[in-house]
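Trainee:
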Amino acid sequence: MKEAPVVSRSEGSLPSGSSRGAYRRLRQGYVLTSVLLAVAVLIQVFLAGSGLFGEPSWWSTHRMFGMMLSLGPLVLLALGLAARLPWRTLLLTGLLLVLFGLQPVLILGPGLSELPELKALHVVNAVLIFALTAMLGQQVWRRLAPANESLAR
Numbered sequence: 555m556k557e558a559p560v561v562s563r564s565e566g567s568l569p570s571g572s573s574r575g576a577y578r579r580l581r582q583g584y585v586l587t588s589v590l591l592a593v594a595v596l597i598q599v600f601l602a603g604s605g606l607f608g609e610p611s612w613w614s615t616h617r618m619f620g621m622m623l624s625l626g627p628l629v630l631l632a633l634g635l636a637a638r639l640p641w642r643t644l645l646l647t648g649l650l651l652v653l654f655g656l657q658p659v660l661i662l663g664p665g666l667s668e669l670p671e672l673k674a675l676h677v678v679n680a681v682l683i684f685a686l687t688a689m690l691g692q693q694v695w696r697r698l699a700p701a702n703e704s705l706a707r
C-alpha cells in the first residue's frame, strides 16, 4: 500500500502529485478572498464616512454591509483549512474572525452608552481588520510564487 505524502503544517508545503493543483487553487482562492475582503473593508469605511459626514441614511447600508462582511473570515478559514495552510496562518485567520465578531460589540455592547469613548475602538478594530486581512493575503500570495520567479513580472 502506498503511503500518503506527509505535509508539514508548520511550513504549509504542498504535497506532490495530482492533489498539488487542487491545493494551489484553494490557496489562490484564499488570496482572492482576502483581497476582496480588504477592498470591502475600505468600502465599509467609506459607507461609515458617508453616514457621518453626509447623508445619515448611509448608516443602514453600513450596518447591512457589515453583517455581510462577517462571512468573509469564515470563508477564509474554510479555504485555509482545505488548502492546508500553516497553523500560524490559520491562527491569524481565526483572530480575524474574532476581530470581526468584536465589531458590533464595540458599537452596540452593553454599557457603551455610558462610555462613548470606547466606541472609538470600533474604528481602531476596523483598521486592524484591514491590516490583518491584507497581511494574510500577502503571506499566502508569497507561498504561491515559485522561488525562482519574480513577482514583478
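Numbering (the numbering used here), first residue to last: 555 to 707. Backbone N, C-alpha and C define an ideal beta-carbon position, used for all residues, glycine too.
Among residues of its own chain, excluding the 5 on either side of Val585, which ones have a beta-carbon nearer than 6 Å to its beta-carbon?
Mentor: On the sequence shown, residue 585 is found 31 positions in, with the first residue counted as 1. Closer than 6 Å at the Cβ level, and outside the excluded window around Val585, lie Gly691, Val694 and Trp695.
Trainee: Decide if Val595 is buried, meaning its Cβ has at least 16 other Cβ atoms within 10 Å, or exposed.
Mentor: Locating residue 595 in the sequence shown gives position 41, counting from the first residue. When all chains shown are included, Val595 counts as buried.
Trainee: In the DSSP assignment, the alpha helix (DSSP H) including Ala674 goes from what residue to what residue?
Mentor: Numbered from its first residue, the sequence shown carries residue 674 at position 120. Careful: Ala674 lies outside any alpha helix (DSSP H) and carries neither H nor E.
Trainee: Measure from the alpha carbon of Val589 to the alpha carbon of each residue in Pro627, Thr615 and Tyr577, then state which is nearest.
Mentor: As a first step, residue 589 must be located in the sequence shown, where it is residue number 35. Looking at the Cα atoms, Pro627 is the closest of the given residues.
Trainee: Only counting the same chain, and skipping five residues up and downstream in sequence, which positions put a Cβ closer than 8 Å to that of Ser573?
Mentor: By one-based count along the sequence shown, residue 573 stands at place 19. For Ser573, where only same-chain residues beyond five positions count, there are no Cβ hits under 8 Å.
Trainee: Applying the 10 Å Cβ sphere with the 16-neighbour rule, what's the burial state of Leu683?
Mentor: Along the sequence shown, read from residue 1 onward, the residue named residue 683 stands at position 129. The amino acid occupying residue 683 in the given sequence is Ile; Leu does not appear at that position. Under this definition Ile683 is a buried residue.
Trainee: Is the distance from the Cβ of Leu686 to the Cβ of Leu639 below 8 Å?
Mentor: Here the question's residue 686 lines up with position 132 in the sequence shown. Here the question's residue 639 lines up with position 85 in the sequence shown. Contact flag unset, no.
Trainee: Specify the secondary structure class of Pro658 as computed by DSSP and reduced to three states.
Mentor: Position 104 of the sequence shown, counting from 1, holds the residue named residue 658. Looking at Pro658 - three-state DSSP - the assignment turns out to be helix.
Trainee: Could you give the distance in angstroms between the alpha-carbon of Val560 and the alpha-carbon of Gly583?
Mentor: Your numbering for residue 560 matches position 6 in the sequence shown. Your numbering for residue 583 matches position 29 in the sequence shown. With a pLDDT of 45 at Val560, under the threshold of 50, the predicted position of this residue should be treated as unreliable, though the coordinate-derived value follows. Roughly 23 Å between the two C-alpha positions.
Trainee: For Lys673 and Phe619, what's the separation of their Cα atoms in angstroms?
Mentor: As a first step, residue 673 is located in the sequence shown; it is residue number 119 there, counting from the start. As a first step, residue 619 is located in the sequence shown; it is residue number 65 there, counting from the start. Using only the alpha carbons, I get a separation of about 19 Å.
Trainee: Using DSSP with H/G/I as helix, E/B as strand and the rest coil, what is Ser604?
Mentor: By one-based count along the sequence shown, residue 604 stands at place 50. Of the three classes helix, strand and coil, the one that applies to Ser604 here is helix, per DSSP.
Trainee: So which of His616, Val593, Leu656 and Thr587 has the shortest CA-CA distance to Leu631?
Mentor: Residue numbering aside, residue 631 sits at position 77 when the sequence shown is read from its first letter. The candidate whose alpha carbon is nearest that of Leu631 is Thr587.
Trainee: Measure the CB-CB distance between Leu625 and Gln598 and report whether it falls below 8 Å.
Mentor: Within the sequence shown, the letter at position 71 stands for residue 625. Within the sequence shown, the letter at position 44 stands for residue 598. No, Cβ-Cβ distance for Leu625 and Gln598 is not below 8 Å.
Trainee: Can you tell me which of the three DSSP states Gly691 falls into?
Mentor: Taking the sequence shown and counting its residues from 1, the one referred to as residue 691 is at position 137. In the structure shown, Gly691 sits in a helix (DSSP, three-state: H, G or I).
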